[in-house]
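Enquirer: One structure coming up, written as structure tokens, with questions to follow.
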Amino acid sequence: MITSNSRKILGRSPLEWFSSLPVFALLLLTLIIGTGEMVHGQLLRLGESMFGDP
């Protein structure tokens with residue numbers, strides 16, 4: 000049983016924080032990829048408007 004003197008950070012043990020890191024990393028990666036895709040689409044549209052579509 001976990002005693003009250005064990006280390007806790009915001010009510011969770013370090014093992015609980017460590018076990019949630021992969022989920023957090025996947026969510027962050029999804030956000031970065033989605034944002035990059037939107038920026039890429041906007042840059043393509045800007046390039047087509049500046050230089051025309053051959």
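Under numbering that gives the first Met the number 0, think of the first position of the sequence shown as 0, with each following residue one higher. Where a beta carbon is used, it is the ideal one built from N, C-alpha and C, also for glycine. Here the structure is a predicted model, which means the values were calculated and not measured.
1. Bridge partners of Ile-8, per DSSP?
2. Can you look up Ser-19 in the DSSP assignment and give me helix, strand or coil?
3. Output needed for Pro-13: all residues of its chain with C-beta closer than 7 Å, excluding positions within five of it in sequence on either side, in chain order.
4. Please state whether DSSP places Gly-51 in a helix, a strand or coil.
Expert: Taking the geometry as given:
1. Beta-bridge pairing links Ile-8 to Arg-11.
2. Correct three-state label for Ser-19: coil.
3. So the list reads Arg-6, once near-sequence residues are dropped.
4. For Gly-51, the three-state secondary structure derived from DSSP is coil.
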